Every structure is written in C-alpha cells, then in structure tokens.
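Per my numbering, residue 181 is the first one in the sequence shown, and the count goes up by one each step. Below you'll find the structure, written out as structure tokens, and then a few comments.
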Amino acid sequence: RDLHYPLRRQRQMCIRDSTLSVFTGVLLMLSLAAIFAAIILSVAFSHMITSPIARITRAAAGIASGDYHQTVEESGCAEVASLSKTITAMGVTLDSTITELRTSESMFRSITENAHDLIALLDLNGCFVYCNQSYIGILGYHPDDLLGQCGFDLVFIEDKALAMARLQEGVAAHKCTDQIVLRMVCKDGTVKWIENRAKLLTDEKGAPQSVLILARDITARKAAEEALQSKTEELERYFNSSLDMLCIADL
181 RDLHYPLRRQ RQMCIRDSTL SVFTGVLLML SLAAIFAAII LSVAFSHMIT SPIARITRAA
241 AGIASGDYHQ TVEESGCAEV ASLSKTITAM GVTLDSTITE LRTSESMFRS ITENAHDLIA
301 LLDLNGCFVY CNQSYIGILG YHPDDLLGQC GFDLVFIEDK ALAMARLQEG VAAHKCTDQI
361 VLRMVCKDGT VKWIENRAKL LTDEKGAPQS VLILARDITA RKAAEEALQS KTEELERYFN
421 SSLDMLCIAD L
C-alpha cells in the first residue's frame with residue numbers, strides 16, 4: 181500500500197492541475213467575451229450619441245452661414261432630441277425674422293429713395309450713416325460720398341456752431357425733435373436754406389443710438405419771405421417819409 185501511495189498522489193495532482201487549467205481557460209474566455217461585448221456596446225453607445233450631435237453641429241454651422249432651412253432628425257436620448265428640435269425651430273424663426281427684416285428694409289429704402297425731402301441718419305458724432313438720393317438733386321452730393329463724413333461739414337460756417345450745439349443738447353436731453361433752419365453749402369459752392377427736423381433714436385433701454393434727420397429745401401420760400409420783408413420795409417419807409425395823407429382801403 182505504501183508503494184502505490186505516490187502514484188495515487190501524483191494522479192490526484194495531475195487531475196487538479198488539469199481542472200485548474202480548464203477553469204483558467206474558461207475564465208480567460210469569459211473575460212475576453214466580456215471585453216469584446218464592452219467594446220461593442222461602447223461603439224454602439226458612442227454612435228448613438230455622436231451621430232445626433234454631428235447632425236446638430238452641421239445644422240448649426242448651416243444656420244451660422246445663412247442657410248436657415250435646417251431640419252434635424254429628433255433621435256437619441258431625450259436631451260439630444262430636445263436640442264435637435266430647438267435647432268430646427270431656431271432655423272425657422274431666424275428665416276422668418278430675416279425675411280421680415282429684408283421686406284422692411286426694402287420698403288424703407290423704396291420710401292426714402294423716392295422721397296423729395298432730404299433723409300439722413302447720423303451717428304452721435306454727427307457723421308453720416310445713411311442718406312437718400314435727394315442729396316444729389318438738392319445739394320449735389322452723392323450718398324456714397326457722404327457716408328462717414330461729418331454732417332456739420334455741409335453746414336454754412338456761420339450756422340455751424342448753432343447746429344452742433346443743438347445736436348449736443350438734444351443727445352444730452354435724450355430728445356432731439358426741434359426744428360432748425362440752417363444754410364447748407366452745395367457741392368458747387370452755392371448756399372441753400374434747409375429746414376431740418378431731428379429725431380433721436382434710442383435702443384430698448386432708452387440709450388441714444390443715432391439721429392434721424394428729415395430736411396426740406398426752403399430756399400425759394402426764404403427768398404419770397406425776404407422779398408416780401410424788403411417790400412414791406414420799403415412801403416413803411418415811403419409812408420413814414422411822405423408828407424401827403426395816404427390810406428389803404430379794400431375794394
């Protein structure tokens with residue numbers, strides 16, 4: 181019996197080693213299978229997240245470039261789907277807003293460009309931001325030549341101080357609606373009488389932003405008034421210096 185004991189002991193050890201090897205192999209296979217499954221799940225989950233985000237990114241880039249007709253598929257998790265819906269709605273809103281702004285701008289330009297009066301927009305320093313085509317016919321200046329130029333450069337030198345003071349007072353008081361008559365120098369050097377009305381434009385908080393100028397050429401009216409005044413003064417001098425009895429009666 182003692183002679184067979186080492187053989188039995190050796191066989192038991194072989195069986196145990198074989199069992200451990202099989203168990204280790206099974207564990208290794210299970211580990212590899214788990215790792216492989218984790219990789220597959222990770223790739224699938226990543227695709228579920230990155231694909232909608234990529235679509236949202238492309239749509240946002242399209243909107244930023246001016247293409248507002250963007251429709252993003254609402255897929256993925258609730259947060260991503262909600263973001264997709266928001267991006268689509270934002271594109272629709274921007275498209276509608278831009279269309280309305282373009283329509284308003286077109287209407288505004290149609291009105292101002294066909295107006296007989298002078299229409300201009302000045303910044304708070306008095307420089308031209310916009311002026312209509314009437315500046316060509318009345319003063320001889322093309323609007324493109326006036327953009328960025330100080331509006332006071334067109335004012336007759338003797339009226340310039342008054343014009344600057346009125347603008348500064350209006351901006352300081354947040355109100356600039358008074359009428360003022362100024363002499364303006366035309367491109368050919370001649371001088372015309374211009375009746376100006378100014379309106380201060382503000383932002384939503386009431387802070388001054390620019391000044392809208394509506395002006396009219398009253399040179400002919402001014403000449404008629406001066407002629408009438410001259411005639412009246414002449415008659416007064418005649419009446420005052422005459423020794424005869426004079427009277428005026430209606431018919």
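Note that CB positions come from ideal geometry on N, CA and C, so glycine has one too. Note that the coordinates shown come from a computational prediction; the quantities given were computed from them, not determined experimentally.
With DSSP collapsed to three states, give me the class of PHE336. Within the sequence shown, numbered from 1, the residue matching residue 336 stands at position 156. Note: PHE336 maps to coil in three-state DSSP.
Count the other CB atoms within 10 Å of the CB of VAL335; is the residue buried (16 or more) or exposed (fewer)? The residue given as residue 335 occupies position 155 in the sequence shown. The residue in question, VAL335, is buried, as its Cβ has 16 or more Cβ neighbours within 10 Å.
What does the alpha-carbon distance come out to for the pair ARG377 and LEU394? On the sequence shown, residue 377 is found 197 positions in, with the first residue counted as 1. On the sequence shown, residue 394 is found 214 positions in, with the first residue counted as 1. Taking the straight line from one Cα to the other gives about 5 Å.
Which of helix, strand or coil does DSSP assign to TYR321? Reading the sequence shown from its first residue, position 141 is the one you call residue 321. Reduced to three states, the DSSP call for TYR321 is coil.
Could you check the C-alpha separation between MET344 and ARG238 for me, to the nearest Å? As a first step, residue 344 is located in the sequence shown; it is residue number 164 there, counting from the start. As a first step, residue 238 is located in the sequence shown; it is residue number 58 there, counting from the start. Near 51 Å, if we compare the C-alpha coordinates of ARG238 and MET344.
Buried or exposed for ILE160, going by 16 or more other Cβ atoms inside 10 Å? Missing from the structure shown is residue 160; the chain here goes from 181 to 431 and no further.
For a quick check, are the C-beta atoms of LYS367 and TYR321 less than 7 Å apart? Here residue 367 refers to the residue found at position 187 of the sequence shown. Here residue 321 refers to the residue found at position 141 of the sequence shown. Yes, the Cβ-Cβ distance between LYS367 and TYR321 is below 7 Å.
In angstroms with no decimal places, state the Cα-to-Cα distance between VAL351 and LEU304. Reading the sequence shown from its first residue, position 171 is the one you call residue 351. Reading the sequence shown from its first residue, position 124 is the one you call residue 304. Distance between the alpha carbons of VAL351 and LEU304: 8 Å.
LYS411 to LEU326, Cα distance in whole Å? Along the sequence shown, one-based indexing puts residue 411 at 231. Along the sequence shown, one-based indexing puts residue 326 at 146. Their Cα atoms are separated by approximately 39 Å.
Return the CA-CA distance between GLU280 and ASP383, expressed in angstroms with no decimal places. To locate residue 280, count along the sequence shown from 1; it is residue 100. To locate residue 383, count along the sequence shown from 1; it is residue 203. So the alpha carbons of these two residues sit roughly 20 Å apart.
Work out the CA separation of LEU212 and ILE220 for me, nearest whole Å. Here residue 220 refers to the residue found at position 40 of the sequence shown. Here residue 212 refers to the residue found at position 32 of the sequence shown. ILE220 and LEU212: Cα-Cα distance of roughly 12 Å.
Going by Cα to Cα distance, which pick from ILE215, ALA214, SER262, MET270 is closest to ALA241? Taking the sequence shown and counting its residues from 1, the one referred to as residue 241 is at position 61. For the residues ILE215, ALA214, SER262, MET270, the minimum Cα distance to ALA241 belongs to MET270.
Answer with buried or exposed for ILE318, where buried requires no fewer than 16 other C-beta atoms within 10 angstroms of its C-beta. Walking along the sequence shown from the start, residue 318 turns up at place 138. Classification for ILE318: buried.
Enumerated in chain order, which unbroken segments of the beta strand (DSSP E) with a length of 3 residues or greater are wholly contained in the stretch 344-423? 359-365, 371-382, 388-397
What number of angstroms, rounded off, separates the C-alpha of ALA353 from the C-alpha of TYR310? Within the sequence shown, numbered from 1, the residue matching residue 353 stands at position 173. Within the sequence shown, numbered from 1, the residue matching residue 310 stands at position 130. The straight-line gap from Cα to Cα measures roughly 23 Å.
So, at 8 Å on beta carbons, what are the nonlocal neighbours of LEU298 in its own chain, with the 5 sequence-adjacent residues on each side left out? As a position in the sequence shown, residue 298 is number 118, starting the count at 1. Excluding residues within five positions, the ones whose Cβ falls inside 8 Å are CYS311, ASN312, SER314, TYR315, ILE318, LEU319, ILE374, ILE393, LEU394, ALA395, ARG396, ASP397.
How about GLY306 and LEU347: do their beta carbons lie closer than 7 Å? Indexing the sequence shown from 1 puts residue 306 at position 126. Indexing the sequence shown from 1 puts residue 347 at position 167. Contact: yes.
With a CB to CB cut of under 6 Å and the five nearest residues on each side skipped, what residues in its chain are close to GLN359? Counted from its first residue, the sequence shown places residue 359 at position 179. If we look at GLN359 and ignore the five residues flanking it on each side, its Cβ neighbours are ARG377.
Output needed for VAL365: all residues of its chain with C-beta closer than 7 Å, excluding positions within five of it in sequence on either side, in chain order. Stepping through the sequence shown from its first residue, residue 365 is reached at position 185. Around VAL365: LEU334, PHE336, VAL371.
Simplified DSSP state of LEU327, which is helix, strand or coil: Position 147 of the sequence shown, counted from the start, is the residue given in the question as residue 327. Three-state result, LEU327: coil.
Roughly how many whole angstroms lie between the Cα atoms of ASN420 and GLU413? On the sequence shown, position 240 is the one that residue 420 refers to. On the sequence shown, position 233 is the one that residue 413 refers to. Answer to the nearest angstrom: the Cα atoms are 10 Å apart.
ALA217 to THR283, Cα distance in whole Å? Working through the sequence shown from its first residue, we reach residue 217 at position 37. Working through the sequence shown from its first residue, we reach residue 283 at position 103. Cα-Cα distance, rounded: 58 Å.
Give every residue of the same chain whose Cβ lies closer than 7 Å to the Cβ of HIS296, excluding the five residues on either side of it in the sequence, and list them in chain order. Within the sequence shown, numbered from 1, the residue matching residue 296 stands at position 116. So the qualifying residues of the chain are SER314.
Work out the CA separation of LEU274 and TYR408 for me, nearest whole Å. Along the sequence shown, one-based indexing puts residue 408 at 228. Along the sequence shown, one-based indexing puts residue 274 at 94. For clarity, residue 408 is Leu in the given sequence; the question names Tyr instead. Roughly 59 Å between the two C-alpha positions.
Along the beta strand (DSSP E) that carries LEU298, what are the first and last residues, could you check? Stepping through the sequence shown from its first residue, residue 298 is reached at position 118. That run of the beta strand (DSSP E) goes 298-302.
Starting from CYS311 and walking both ways along the beta strand (DSSP E), at which residues does that stretch end? By 1-based counting over the sequence shown, the position of residue 311 is 131. Here the beta strand (DSSP E) through CYS311 covers 308-311.
Between ARG417, ALA300, ASP339, ILE215, which lies nearest to GLY328 when the distance is taken from Cα to Cα? Indexing the sequence shown from 1 puts residue 328 at position 148. Minimum Cα distance to GLY328 is reached at ALA300.
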